[in-house]
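Asks: Before anything else, here's the structure in question.
Residue numbers (our numbering): 316 to 445.
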């Protein structure tokens, strides 16, 4: 089985501010962050507040953001963050096969879920509820 972590040899003139990019846990942290953000923004439905009387019970938190308006500053920022993390994680793992493949799958799923065309869309009825 392929190694799912990278042991990078730091160069002798490594900048101390960017040294943490060379740690094996950076890639694992990246994938963990993507799973957590997908769960909370695109899977979890309803609202944590009880005063809405069930208006948002069928909407994910991403669909509720900015009252459903698309391409706002908040949404654009939250699309750019996983892409930047993808670039950092891919560079950190030296674009090696298993990590690059998993990084690409993870960021594709996360970014496609954030596209305006996917608003209120449930693929194959997954997470459709009743």
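For each residue, glycine too, the CB sits at the ideal point set by N, CA and C.
These numbers come from a predicted model, not from an experiment.
Taking the straight line between their C-alpha atoms, what separation do you get for residue 381 and residue 417?
Replies: Along the chain shown, one-based indexing puts residue 381 at 66. Along the chain shown, one-based indexing puts residue 417 at 102. So the two alpha carbons sit approximately 31 angstroms from each other.
Asks: Whose C-alpha, out of 429, 440, 438, is nearest the C-alpha of residue 389?
Replies: For the purposes of this step, residue 389 is taken as the residue at position 74 of the chain shown. Closest option to residue 389, Cα to Cα, is 429.
Asks: Which of the three DSSP states, helix, strand or coil, is assigned to residue 375?
Replies: In the chain shown, counting from the first residue as 1, residue 375 sits at position 60. Residue 375 falls in the strand class under three-state DSSP.
Asks: Counting C-beta neighbours from all protein chains within 10 Å, is the total for residue 512 16 or more, i.e. buried, or is it exposed?
Replies: No answer is possible for residue 512: the residues shown for the chain start at 316 and end at 445.
Asks: Report the option in 431, 341, 329, 327 whose CA atom is closest to the CA atom of residue 408.
Replies: Against the chain shown, residue 408 aligns to sequence position 93. Ranking the options by Cα distance to residue 408, first place goes to 341.
Asks: Would you mind listing the alpha helix (DSSP H) stretches within the region 389-430 that are 4+ residues and don't spill past its ends, in chain order?
Replies: 412-429
Asks: Evaluate residue 422 with the Cβ neighbour count: other Cβ atoms within 10 Å of its Cβ, from every protein chain shown; 16 or more gives buried, anything less gives exposed.
Replies: Stepping through the chain shown from its first residue, residue 422 is reached at position 107. So residue 422 counts as buried.
Asks: Starting from the C-beta of residue 394, find all residues in its chain whose C-beta is less than 8 angstroms away, skip the five residues before and the five after it, and write them out in chain order.
Replies: The residue given as residue 394 occupies position 79 in the chain shown. Counting only Cβ-Cβ distances below 8 angstroms, and skipping sequence neighbours, we find 426, 429.
Asks: Is the beta carbon of residue 343 closer than 8 angstroms to that of residue 357?
Replies: Reading the chain shown from its first residue, position 42 is the one you call residue 357. Reading the chain shown from its first residue, position 28 is the one you call residue 343. No, the Cβ-Cβ distance between residue 357 and residue 343 is not below 8 angstroms.
Asks: Ordered along the chain, which non-local residues of its own chain (more than five positions away) have a Cβ less than 7 angstroms from that of residue 405?
Replies: On the chain shown, position 90 is the one that residue 405 refers to. So the qualifying residues of the chain are 415, 418.
Asks: Could you round the C-beta distance between residue 413 and residue 349 to whole angstroms and report it? I think they count as a contact, below 8 angstroms.
Replies: In the chain shown, residue 413 corresponds to position 98, counting from 1. In the chain shown, residue 349 corresponds to position 34, counting from 1. At roughly 16 angstroms, the Cβ-Cβ gap does not stay under 8 angstroms, so residue 413 and residue 349 are not in contact.
Asks: If you measure between the beta carbons of residue 385 and residue 431, is that distance less than 8 angstroms?
Replies: In the chain shown, the residue the question calls residue 385 occupies position 70. In the chain shown, the residue the question calls residue 431 occupies position 116. Cβ atoms of residue 385 and residue 431: closer than 8 angstroms.
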